[in-house]
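Residues in the sequence shown are numbered consecutively from 80, following my numbering.
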Amino acid sequence: MQSRLLVGPTNHYAEIESRIARLDLKDLTKEDLPTPCMIVDQDIFESNLQVMSDHCRKTGIHLRAHVKVHKSPEIAKRQLALGANGITCATVAECELLSHAGISNLLLTRQPSSKNNIGRAIAIAKKDPTFGTVVDDPLLADWLQEAAASEGIRLRTVVDVYAGMTRHGIEPGAPALELANKVDSAKNLKFVGLMGYAGGAAHTHGFAERTARSKNDLSGTLETVAAARSAGLPIEIVSGGSTGTYNIDSETKGLTELQAGSYIFMDALYRLIGGKDDAHSYNDFGMALTVMSTVISIRHAGQCTIDAGNKALLKPTDEVKGWPEVKVENQGAEYGILKWEDGSGFKLGERVEVYPSNLDNSTAVYDRYYVARGENIVDVWSIMGRAGAAQR
Ligand SMILES: Cc1ncc(COP(=O)(O)O)c(C=O)c1O
């Protein structure tokens, strides 16, 4: 049994919190942090950003990175600094928060269909004319036209076309073209192009299968793009794509921009889709995000208990960093169990990092990222919309 002292004086953590608030992080290490918490491996994260940026530059496609994965203006700013032409958002709240952080060229990828969301979208556009939204329904084009006219603005509008997912997107061909024409002729809407998000292709296992699925799912969108161009509609952007299909969609050449998001961190399930060169592991981007927990009990052989459970979104499909053979079990709101077949296992008080199964879900329950280089904490980034947000 180890005997090292794990905690400092009683006010140690209060002092750490006040240092974090001032970003005075000198000598701060993972041992000083509360758990469970989110850790970003700075080197892997920066390498992921660079790989995507280099890929886009080489293949001539733009990146309008999806923010829902990280919900962090700090990260969005880094993506933009490396050449991204904008940011895609899943919710109006994400658009508002990024806009307040001074970020422009935002595209809302889900149509704002309530009075509340339309008002908020129009307010963002009034402040920032580079903001735009998608629509997949003629009724929404009418509502947005009316709202934009009442505020005397012109709202950038993209028609979202079905691309293999039955959740959002108008049927390709005549219905999509008709909607594009409607938007184009609406006085207070500015038609800027089409979107087709092939989310089913993104997570298809096997590179050949994923390539076939992406081409198939995007075919209707791309045929509609060609028809819209022939009809003389102004197509500034064709938006779509994902982390799983980034190197497929850039080859297909139909999209002008990728909406990839997960590539910055990756997660345990996304890695299983397999890559071009490795059928079992998608290694184009490294695993940069972990949930760090502490071993809180070791009373039973071959297992230990950690302080991350349901509320930390611990899942049996999570993977323990450095211990891929260890099994993860969720044991309640604030407890998780790690099990192993042989070997010495984990010690009481030990820090254990777990790769989450799904980034978007896990990110939604934490307030901040602790950015680490080895054991040292070198930066702390807030996750936006965590305090008092009516909608995230
Ligand atoms: C509309 C849209 N675009 C882009 C993405 C980002 O995909 P990925 O995280 O696979 O890169 C998502 C993710 O769900 C999405 O819903």
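No residue lacks a Cβ here, since even glycine has one placed at the ideal position from N, Cα and C.
All values derive from a computational prediction rather than experimental measurement.
query, result
"Cβ-Cβ separation, V370 to A391 (assumed contact under 8 Å), whole Å", "6 Å"
"Contained alpha helix (DSSP H) runs [length at least 4] in the region 283-369, N- to C-terminal order", "286-309 and 325-331"
"For W419, three-class secondary structure by DSSP", "coil"
"Presumed contact (8 Å Cβ cut-off) between G299 and P251, rounded CB distance", "3 Å"
"Best match in R235, P403, R465 and V374 for proximity to L427 [C-alpha to C-alpha]", "V374"
"Cβ-Cβ separation, S341 to V148 (assumed contact under 8 Å), whole Å", "5 Å"
"Coil, strand or helix - I456 by DSSP", "strand"
"Any non-hydrogen atom of ligand 1 closer than 8 Å to A169 Cβ", "yes"
"Secondary structure of E404, DSSP reduced to three states", "coil"
"C-alpha gap between T290 and P113, whole angstroms", "43 Å"
"Minimum length 4: unbroken alpha helix (DSSP H) runs contained in the region 114-169", "121-138 and 152-160"
"CA-to-CA distance, H179 to K206, given in whole angstroms", "10 Å"
"Validate contact between the region 446-457 and the region 399-406 using beta carbons, cut 8 Å, 3 pairs", "no"
"Any non-hydrogen atom of ligand 1 closer than 8 Å to D439 Cβ", "yes"
"Touch test, the region 130-143 against the region 428-435, Cβ-Cβ under 8 Å, three pairs minimum", "no"
"9 Å Cβ cutoff met for V171 and I203", "yes"
"Ligand 1 heavy atom lying under 8 Å from the CB of D338", "Correcting the residue identity first, residue 338 is Gln in this sequence and not Asp. Yes - ligand 1 has a heavy atom lying nearer than 8 Å to the Cβ of Q338."
"According to DSSP, residues forming a beta bridge with G211", "L186 and R235"
"E125 to D356 span [Cα, whole Å]", "22 Å"
"Inter-residue Cα distance where the pair is V127 and H134", "Residue identity check: residue 127 is Asn in the sequence provided, not Val. Their Cα atoms are separated by approximately 11 Å."
"Assigned secondary structure, I201 (DSSP; H/G/I helix, E/B strand, else coil)", "helix"
"For W402 and K109, the rounded distance between their alpha carbons", "19 Å"
"Beta-carbon proximity list for M345, same chain, < 7 Å, skipping 5 on both sides", "F364, G365, M366 and A367"
"Where S293 falls, given that 16 or more other Cβ within 10 Å makes a residue buried", "buried"
"heavy atom of ligand 1 below 8 Å from A163 C-beta", "no"
"Cβ-Cβ distance between L187 and A259 below 9 Å", "no"
"Residues near S132 by beta carbon distance below 6 Å, same chain, minus five either side", "L161 and G162"
"Inter-residue Cα distance where the pair is R308 and E315", "10 Å"
"Three-state secondary structure (DSSP) of Q224", "helix"
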